[in-house]
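Remarks on the structure that follows.
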Amino acid sequence: MTAGDFLESLLDGVAVEWVALGDVAKYSDVRIDCTGIDERNYVGVDNLLQNGAGKAESTYVPSEGRLIEYRPGDVLIGNIRPYLKKIWLADQSGGTNGDVLVVRSIHEALNPGYLYQLLTDESFFDYNMQHAKGAKMPRGDKARILEYKIPIPCPSNPSRSLEIQAEIVRVLGAFTELIVELNVELAARKKQYNYYRDRLLNFDEGEAEWKTLGDVALIQRGASPRPISKFITEDETGVPWIKIGDTTPGSKYVNGTAQKITQEGARSSRVLDKGDFILSNSMSFGRPYILGISGAIHDGWASISKFSTVLSSHFLYHYLSSSSVKSYWAGKINSGSVSNLNVDIIKALPVPIPSLAQQNRIAVLLDKFDALTNSVAEGLPREIELRKKQYSYYRNLLLSFPKSEEVKA
66 MTAGDFLESL LDGVAVEWVA LGDVAKYSDV RIDCTGIDER NYVGVDNLLQ NGAGKAESTY
126 VPSEGRLIEY RPGDVLIGNI RPYLKKIWLA DQSGGTNGDV LVVRSIHEAL NPGYLYQLLT
186 DESFFDYNMQ HAKGAKMPRG DKARILEYKI PIPCPSNPSR SLEIQAEIVR VLGAFTELIV
246 ELNVELAARK KQYNYYRDRL LNFDEGEAEW KTLGDVALIQ RGASPRPISK FITEDETGVP
306 WIKIGDTTPG SKYVNGTAQK ITQEGARSSR VLDKGDFILS NSMSFGRPYI LGISGAIHDG
366 WASISKFSTV LSSHFLYHYL SSSSVKSYWA GKINSGSVSN LNVDIIKALP VPIPSLAQQN
426 RIAVLLDKFD ALTNSVAEGL PREIELRKKQ YSYYRNLLLS FPKSEEVKA
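Taking the numbering used here, the leading residue of the sequence shown gets 66, the next gets one more, and so forth.
See below:
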């Protein structure tokens, strides 16, 4: 029997009733003191992870006041900025605060794991945002959340209903467990990559000549024609307009842009060649990218070019990604005198200059690690992405119960 046939037989002829969440679940109303609460079982909105990734240990634990109790099987939902999709199925007891909703099943025919799967659905978070209060820091409306409709299979036969729910949880749980294991493995690989990268780029005295980046490369700040809307074009003669949204998480290259600017606009900007570097100079400051295209950059970027006679681009990429350089940027920006990564700071960065042959050997090794830990085309990231797609497919198959016109409305 194929997976599709199995799922079809599981749900074949199954009646379903759509009920309000508040009819089968409630918010925890039990208050506890802080005794026995530590970083492992305290859950605040800050240590709930985005996109349903669970929770991390808390870096803050309250030492006084009362907390909201949660128990194994409760569903904890971050109630600030619902679009972050912070949700966790508790596997232990502990405490939380008013920024986290603790949803508890109170119906004999509702499996907590099944409830969790329903509340991780995009439609729930869309509903939550639709009814959220506040613009800058939206907060879910607790009363409207309890009005959200969820499907209960075989409502007239609680035993059969729980069997179906348990099977749905088992199938989907196998995927989520695998994804969690792959993410743990990926984290270990990234730690290993960071270790070897920092070791390979740590040169003893005499192993490499050191110069400032400004001595061996041209460092410039981007520029923006204004108003930018005047210069956006779809004409084939337009110049790619490189923005942070054109970057891909984990990628070392920028290979395309969503927008182009006119030739006139490009003359008021900074046009770079394929192979040049760009660095973000605010937000995730110092994140390097190699241009796989020529294009123009705005003043939120800095550029590095004309370095090829002394530096391999792949070696430079790994060096700029190293812990030592990140610490260097942070030290300069957090000094209090500057608020972003300006050209002078970049020019002053000390850079090792081993032979080009040695640079290439180091880069080849680190490229392999980088592909295993960051590339969505290969390695663990690709495997995780495939499993997520597989999970989404079966999740939609298992939870797409027919809706009445009333529920659709």
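The C-beta atom is built at its ideal place from N, Cα and C for all residues, glycine as well. Bear in mind the structure is a predicted one, so any value in this text is a computation, not a measurement.
In the DSSP annotation of this structure, the continuous segment of the beta strand (DSSP E) that includes Val416 starts and ends at Pro415 to Ile418. Below 8 Å, enough C-beta pairs join the stretch 144 to 161 and the stretch 188 to 205 to call them touching: three or more. Gly271 sits in coil when the DSSP states are folded into three classes, being neither helix nor strand. In the structure shown, Pro137 falls within a coil segment according to DSSP collapsed to helix, strand and coil. Counting C-beta atoms within 10 angstroms of its own C-beta, Ser289 has 16 or more neighbours from the protein chains shown and is therefore classed as buried.
Between the stretch 402 to 416 and the stretch 335 to 353, the count of C-beta pairs closer than 8 Å reaches three or more; the two stretches touch. Every unbroken stretch of the beta strand (DSSP E) spanning 3 or more residues and falling wholly within the stretch 179 to 266 is given here in chain order: 214 to 218. With contacts defined by Cβ atoms closer than 9 Å, Ile398 and Ala273 do not form a contacting pair. For the stretch 315 to 372, the continuous alpha helix (DSSP H) assignments of 4+ residues that do not extend past its boundaries occur at 328 to 332, in sequence order. Between the alpha carbons of Glu173 and Ala428 lies a gap of roughly 59 Å.
Per DSSP, reduced to three states, the secondary structure at Val168 is strand.
Around the Cβ of Pro305, a 10 Å sphere holds 16 or more other Cβ atoms; the residue is buried. Under DSSP, Lys91 forms a beta bridge with Arg169. At the C-beta level, Ser389 and Asp186 stay beyond 9 Å of one another. For the 9 Å CB-CB criterion, Ser170 and Ile133 do not form a contact. Around the beta carbon of Asn112, 16 or more other beta carbons lie within 10 angstroms, which makes this residue buried.
Residue range Gly444 to Leu464 is occupied by the alpha helix (DSSP H) that includes Pro446.
By the 16-neighbour rule on beta-carbons within 10 angstroms, Pro446 is buried. If you draw a 10 Å sphere on the C-beta of Asn439, you find 16 or more other C-beta atoms in it, and that means buried.
The beta carbon of Leu243 sits closer than 7 Å to the beta carbons of Arg452 from its chain, once the five residues preceding and following it are set aside; these are given in chain order. Between Thr277 and Val167, the beta carbon gap of about 54 Å keeps them out of contact (Cβ cut-off 8 Å). Assignment of beta-bridge partners to Asp98 by DSSP yields Arg131. For Ser457, the number of other beta carbons within 10 angstroms of its own is below 16, and it is reported as exposed. At a Cβ-Cβ threshold of 9 Å, Ala155 and Gly178 do not count as neighbours. The C-beta distance from Lys151 to Gly143 rounds to 3 Å, short enough to meet the 8 Å contact threshold.
According to the DSSP assignment, Arg291 belongs to no alpha helix (DSSP H), since it is labelled neither H nor E. Separation of Leu141 and Glu299 (C-alpha to C-alpha, rounded to the nearest whole angstrom) is 46 Å. A distance below 6 Å between beta-carbons, with the five flanking residues on each side excluded, links Pro127 to the following residues of its chain, in chain order: Cys99.
In the three-state reduction of the DSSP assignment, Val84 falls in the strand class. Between Ala85 and Leu211, the beta carbon gap of about 6 Å places them in contact (Cβ cut-off 8 Å). DSSP lists Val416 as the beta-bridge partner residues of Lys276. One alpha carbon belongs to Leu237, the other to Tyr459, and they sit about 7 Å apart. Counting along the chain, Ile398 sits inside the alpha helix (DSSP H) bounded by residues Ser388 to Ile398.
Within the same chain, and ignoring the five residues on either side of Glu104 in sequence, the residues whose Cβ sits closer than 6 Å to its Cβ are Glu122, Ser123 and Val126.
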